[in-house]
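With UniProt numbering, the residue at position 16 of the sequence shown is 16, and numbering never jumps.
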Amino acid sequence: MGEVSYILGIKIYRHRSRRMLGLTQSSYIEKVLKRFRMEHSKRGLLPMRHGIKLSKKQSPKTDKELKRMSDIPMPQP
């Protein structure tokens, strides 16, 4: 047996010289895009900083904050 490259639909890639290990679900993403007929949509990056820490302290607490967050569309599982 050699090194693992796929497990449960997740591709594992390594860059030993850069000491980097990564995971990608590109095949799953492509499958979802095809399902919703979006495979030809424009690609882009998520506007999220690397290493950002999220915590429960950042969640909305007041009624006004909760109302504001309820107006923002979120994907449902």
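Glycine included, each C-beta is placed from N, C-alpha and C at the ideal position.
All values derive from a computational prediction rather than experimental measurement.
Beta-carbon proximity of residue i to residue j, cut-off 7 Å
| i | j | result |
| --- | --- | --- |
| Gln25 | Ile10 | yes |
| Lys21 | Arg14 | Position check: residue 21 holds Leu in this sequence, whereas Lys was assumed. Cβ distance < 7 Å, so Leu21 and Arg14 count as in contact. |
| Pro60 | Met74 | no |
| Glu39 | Leu33 | yes |
Unbroken alpha helix (DSSP H) run spanning residue i, endpoints
| i | result |
| --- | --- |
| Lys34 | 26-35 |
Residue i - partner residues in DSSP beta bridges
| i | result |
| --- | --- |
| Leu66 | In DSSP, Leu66 forms no bridge with anything. |
| Arg14 | Leu21 |
N- and C-terminal bounds of the beta strand (DSSP E) containing residue i
| i | result |
| --- | --- |
| Lys61 | Counting along the chain, Lys61 falls outside any beta strand (DSSP E), and DSSP gives it neither H nor E. |
Residue i, DSSP secondary structure in three states
| i | result |
| --- | --- |
| Ile7 | strand |
CB contact check: residue i to chain C, cutoff 7 Å
| i | result |
| --- | --- |
| Ser27 | Within the model displayed, chain C is absent; a lone protein chain is all it includes. |
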